[in-house]
Amino acid sequence: MKILIIMLFRQNWEKKWVDVYFDQKSNVLSRLIVNGVDEHPFLAKGPVNFKEITSYTNYKKKGEFLLPEMIDEIDTRNEFTLRKQLNWVNLNDLFAASTFNPEPVFEDRTKFIISEMGNGLYVLERSGGSVNERFLIRLDRSGMVEIFSALIINDGLNKAELDAVKSKFLGYDIENVFNIGKIWSIESLSGFYSNKTMIYAPKEVGMFAEEKLPADSEEVLKRNEVRKLGLLMTFDKEFQTESVETLILNPVRNDDFESIYVDYYLPKERTIFLYGNPYSADSSTKSATPREKILYDLIKKRSLKVDQLVYSGAYLNNAPLFMTFKDFETRIKNTDFFDL
-19 MKILIIMLFR QNWEKKWVDV YFDQKSNVLS RLIVNGVDEH PFLAKGPVNF
31 KEITSYTNYK KKGEFLLPEM IDEIDTRNEF TLRKQLNWVN LNDLFAASTF
81 NPEPVFEDRT KFIISEMGNG LYVLERSGGS VNERFLIRLD RSGMVEIFSA
131 LIINDGLNKA ELDAVKSKFL GYDIENVFNI GKIWSIESLS GFYSNKTMIY
181 APKEVGMFAE EKLPADSEEV LKRNEVRKLG LLMTFDKEFQ TESVETLILN
231 PVRNDDFESI YVDYYLPKER TIFLYGNPYS ADSSTKSATP REKILYDLIK
281 KRSLKVDQLV YSGAYLNNAP LFMTFKDFET RIKNTDFFDL
């Protein structure tokens, strides 16, 4: 629980109110919120109310002081979070040699956290970058694991993701991984097919289509090798398995310019895994995307039974694991798509 104090201050000779939050247990400053009005927004009709939010977290005792090690700076006019890691140094003491060490690379910053949703579903979150990537994990009683993911061109991180799942669910076989985007490099997925895991992904189209690659290229030869093992399926039409249905949002498209947009529907769990990053600084001010609107219309048209949706990303730590369909519907209805 947080204590709110409202203060008035001057900035550039202009009076502004600031919401100041203190943590009730520790009494430390946790958040500052400055409310403002943008009369001439870049991509919307004005005026637009917005908030500039600064969050202070990871307090540690440094000498006689309790100081934050993380600051998040957020402007609700965009969906990004600027994260700053603080290293406090006493000028009266000798600096440790590590003070000037370079920042760790992305691979070293990456962490994996697996959280339970219930009904055999889990969410794996990969943090360390500007966006926290999310993956949906499905377990069934037969000892099988299915992963719904947005894999990247980094074999080491993809293997680390796989290892995180294997160590969490000992004794389970990771049978399938359903990727939400096209495969850029089959070599970056070696951890999966060497584990005998089946990989599903939408086909590349347009200038990136596999058919346009040289037939003797290393990428094509490796893909054909994995296909012969029965461990790779790329698709441009909807299909379903016993547990999963693919939802292609743009079955009619210009393949020269559009990728195949796919989401995954789990009918037994009444859950959809979809592409997007809805959890920004202030979700109540975040508009839905045209892609989400297409998915919503498809759900309604086919009368799909959906209780919750898991997005592939989040701009905030500790964001909700899923969004209820009711909140998703409200999000759609609160967006004026004529202005998008």
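With the first letter of the sequence shown counted as 1, position 301 gets the number 281 in our numbering; the numbers rise by one all the way through. Here a beta-carbon is modelled for each residue, glycine too, at the ideal position from N, C-alpha and C.
**OP:** Output the boundary residues of the beta strand (DSSP E) element that contains residue 182.
**Re:** 178 to 182
Subject >> Of the listed residues 66, 114, 252, nearest to residue 129 (C-alpha basis) >> reply: 114
**OP:** Would you kindly report the start and end of the unbroken beta strand (DSSP E) that includes residue 154?
**Re:** 153 to 159
Subject >> Residues of its chain near residue 268, where Cβ-Cβ distance is below 7 Å and the 5 sequence neighbours each way are ignored >> reply: 311, 312, 315
Subject >> CB of residue 255 within 8 Å of CB of residue 300, strictly >> reply: no
**OP:** Could you say if the stretch 279 to 288 and the stretch 85 to 95 meet the contact criterion of at least three C-beta pairs nearer than 8 Å?
**Re:** no
Subject >> Inter-residue Cα distance where the pair is residue 101 and residue 19 >> reply: Spanning the two alpha carbons is a distance of roughly 44 Å.
Original post:
Could you give the distance in angstroms between the alpha-carbon of residue 186 and the alpha-carbon of residue 164?
Top reply: Near 13 Å, if we compare the C-alpha coordinates of residue 164 and residue 186.
**OP:** Take residue 248 and list the residues in its own chain whose beta-carbon comes closer than 8 Å to its own, dropping the five residues that flank it on each side.
**Re:** 223
Original post:
Between residue 251 and residue 288, which are expected to be in contact by the criterion C-beta below 8 Å, what is the C-beta distance as a whole number of angstroms?
Top reply: Indeed, because the Cβ distance is near 5 Å, the residues count as touching under 8 Å.
Original post:
Which residues in the same chain as residue 200 place their Cβ atom closer than 8 Å to its Cβ, once the five residues preceding and following it in sequence are excluded?
Top reply: 190, 193, 194
Original post:
Mapping DSSP to helix, strand and coil, what is residue 67?
Top reply: coil
Subject >> Given 8 Å, three or more beta-carbon pairs between the stretch 301 to 308 and the stretch 92 to 107 >> reply: Touching, per the Cβ criterion.
Subject >> Within the stretch 109 to 152, ranges of the beta strand (DSSP E) (whole runs, at least 3 residues) >> reply: 112 to 119, 124 to 129
Original post:
By DSSP, does residue 193 sit in helix, in strand, or in coil?
Top reply: coil
**OP:** Could you check what DSSP says for residue 320 in three-state terms: helix, strand or coil?
**Re:** Model confidence at residue 320 stands at a pLDDT of 44, short of 50, so the residue's coordinates are unreliable; what they give is reported in the following sentence. Note: residue 320 maps to coil in three-state DSSP.
Original post:
Can you pull the DSSP bridge partners for residue 294?
Top reply: 112
Original post:
Could you give the C-beta distance for residue 48 and residue 71, rounded to a whole number, given that I count them as a contact under 8 Å?
Top reply: At roughly 19 Å, the Cβ-Cβ gap does not stay under 8 Å, so residue 48 and residue 71 are not in contact.
Original post:
Is the distance from the Cβ of residue 270 to the Cβ of residue 317 below 8 Å?
Top reply: yes
Original post:
Taking the alpha-carbon positions, what's the residue 233 to residue 239 distance?
Top reply: Cα to Cα, the separation comes out at about 8 Å.
Original post:
residue 245 and residue 225: beta carbons closer than 8 Å?
Top reply: For residue 245 and residue 225, yes; Cβs fall inside 8 Å.
Subject >> Contact set for residue 40: own chain, Cβ-Cβ below 6 Å, skip 5 residues either direction >> reply: 49
Subject >> Minimum C-alpha distance to residue 237 - residue among 253, 43, 184, 214 >> reply: 184
**OP:** May I have the straight-line CA-CA distance separating residue 309 from residue 276, to the nearest angstrom?
**Re:** 7 Å
Original post:
Could you check where the alpha helix (DSSP H) with residue 48 kicks off and where it finishes?
Top reply: From DSSP, residue 48 is part of no alpha helix (DSSP H) but of the beta strand (DSSP E) over 45 to 55.
**OP:** Please go through the same chain and pick out, in chain order, the residues whose beta-carbon is closer than 7 Å to the beta-carbon of residue 134, but skip the five residues on each side of it.
**Re:** 168
**OP:** Please report how far the alpha carbon of residue 263 lies from the alpha carbon of residue 57, in whole angstroms.
**Re:** Residue placement at residue 263 is flagged as unreliable, the pLDDT there being 47, under the threshold of 50; a coordinate-derived value is accordingly withheld.
Subject >> Alpha carbon of residue 29 to alpha carbon of residue 132, nearest angstrom >> reply: Cα to Cα, the separation comes out at about 36 Å.
**OP:** Would you tell me roughly how many angstroms separate the C-alpha atoms of residue 84 and residue 77, rounded to the nearest one?
**Re:** 15 Å
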